[in-house]
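Right, one structure below, let's go through it.
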Amino acid sequence: MLRSPSKAAPTSSARWGTNPIVEALRAGAQVVLAGRATDTAVAAAYPLMKGMPAGPTWHAAKIVECGGQCTSNPRAGGVLATIDAGGFTIEPLDPTVACTPISVAAHMLYETANPFEMREPDGTLDVRDAQYAAVDDRTVRVEGSEFHVADQYTIKLEGARITGYETMSFSAIRDPLILADIDAWADLMRTMIRQRVSQTLGFADDEYAFDLRLYGHNAVWEADPVLL
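The sequence shown begins at 1 in my numbering and counts up by one.
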């Protein structure tokens, strides 16, 4: 497997938080095209505009923006979050599906660099003290989420670039001379690959990566058969 670097220029986009959405709603907009907003801001804007506390609102928005991902069947549909002064309650729209404390809490692992914090243009969601409890067999109550408002409103940059290209090939060997000392053959192959890459592409060893795997070699411990 050979991965080579790329000189391609990165691409990025700036994403806003709730402020532009709230301003549009207050101005009378019935539809807001928010393709340049963060996913969480889309769900958090309206509850915040109505005076709901920031901690529960941002945490609930983080969960509902992925719909049924926090349920026992992610393909079954969306979820309903009810936010109040002390926290929020979340339940699936499909009556045959359930939310559990684990499935709801685990959603903070999704698309976050830190499972306890999530940075947004408005500030930072902090769920270190969040408590998840089952209300019934399909509904979860969450309390203790906090939101630390940023000193300065920012935008969130999301970028991507090509990091390289990957090639994978498979070969089968039955030559008895090679199989007699496959480890030595593999070491020679690694040396030859490095030499060929240097000659052909001009890459130094730290500019690419490859992995030579001997499938089946030493995969099963050899021992006398045991009849059961």
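All C-beta atoms, glycine included, are put in the ideal place defined by N, C-alpha and C.
- In the DSSP secondary-structure assignment, Pro92 is bridged to Val79.
- The straight-line gap separating the alpha-carbon atoms of Ala45 and Leu25 is approximately 9 Å.
- Ranked by how close their Cα comes to the Cα of Thr82, the residues Arg194, Thr124, Glu91 have Glu91 in first place.
- When C-alpha distances from Gly78 are compared across Ile102, Gly51, Ala43, Thr57, the shortest belongs to Ala43.
- Classified as buried, Glu120 has 16 or more neighbouring CB atoms from the shown chains inside 10 Å of its CB.
- In the DSSP secondary-structure assignment, Asp126 is bridged to Glu117, Glu146.
- Selection Thr38, Phe116, Gln152, Ala172 evaluated against Thr18 yields Thr38 as nearest (Cα-Cα).
- DSSP lists Arg15 as the beta-bridge partner residues of Lys156.
- Counting only the Cα atoms, Phe88 lies some 13 Å from Ala105.
- For the options Gly55, Arg213, Ala209, Pro47, the alpha carbon positioned closest to that of Glu166 is the one of Ala209.
- Its Cα nearest to that of Asp136, the residue Cys99 stands out among Gly123, Tyr110, Gly164, Cys99.
- Comparing C-alpha distances from Pro115 to each of Ala134, Pro74, Thr96, His59 shows the shortest one belongs to His59.
- Listed in chain order, the non-local C-beta contacts of Thr40 below 7 Å within the same chain comprise Trp58, Ala61, Lys62, Glu65, Glu120, local neighbours out to five positions each way being set aside.
- For Gln131, same chain residues with a beta-carbon under 6 Å away, outside a window of 5 residues either side, are Glu143, Gly144 in chain order.
- Straight through space, the alpha carbons of Val97 and Ser72 are spaced by roughly 6 Å.
- Cys99 is bridged by DSSP to Thr71.
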